[in-house]
Amino acid sequence: TLFLDSQAKKDGIAVGVAAADAILALRADDGSDADASYTPGSEPGDYQLTPPDFAPVFRPRLGQVATFGIENGAKFRLPPPPA
Numbered sequence: 019t020l021f022l023d024s025q026a027k028k029d030g031i032a033v034g035v036a037a038a039d040a041i042l043a044l045r046a047d048d049g050s051d052a053d054a055s056y057t058p059g060s061e062p063g064d065y066q067l068t069p070p071d072f073a074p075v076f077r078p079r080l081g082q083v084a085t086f087g088i089e090n091g092a093k094f095r096l097p098p099p100p101a
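Its first residue numbered 19, the sequence shown is counted upward by one per residue in the working numbering.
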């Protein structure tokens, strides 16, 4: 009850709302709402639906979403397998 209606609580809420609004504005055009349809192909590297459920691909375009918190994901990519 110490912070029930205190100015500190109101100020803290205002800062939190402002921070959330700023992050949402920064992410508004990050590509996360792009069309996520996917049709499996037959080429090497094309994802194939897997048994038993053959469930649809989850977020197939996630790799094209603009990064945040890091410049890009390149340093986390694995090298190709040996030839």
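Every residue gets a Cβ at the ideal spot worked out from N, C-alpha and C, and that includes glycine.
Which residues in the same chain have their Cβ closer than 7 Å to the Cβ of Pro-188, if we skip the five residues on either side of it in sequence? Here the chain has residues from 19 to 101 only, and residue 188 is not among them.
Hey, is the stretch 21–31 in contact with the stretch 48–56, meaning 3+ C-beta pairs nearer than 8 Å? no
Helix, strand or coil for Gly-81 per DSSP? If DSSP states are grouped into helix, strand and coil, Gly-81 belongs with the helices.
Cβ of Ala-52 within 9 Å of Cβ of Val-83? yes
Opening and closing residue of the alpha helix (DSSP H) in which Gly-34 lies: For Gly-34, the uninterrupted alpha helix (DSSP H) run begins and ends at 25–45, by DSSP.
Helix, strand or coil for Ala-52, going by three-state DSSP, please let me know. Ala-52 carries a coil assignment under DSSP once its states are collapsed to helix, strand and coil.
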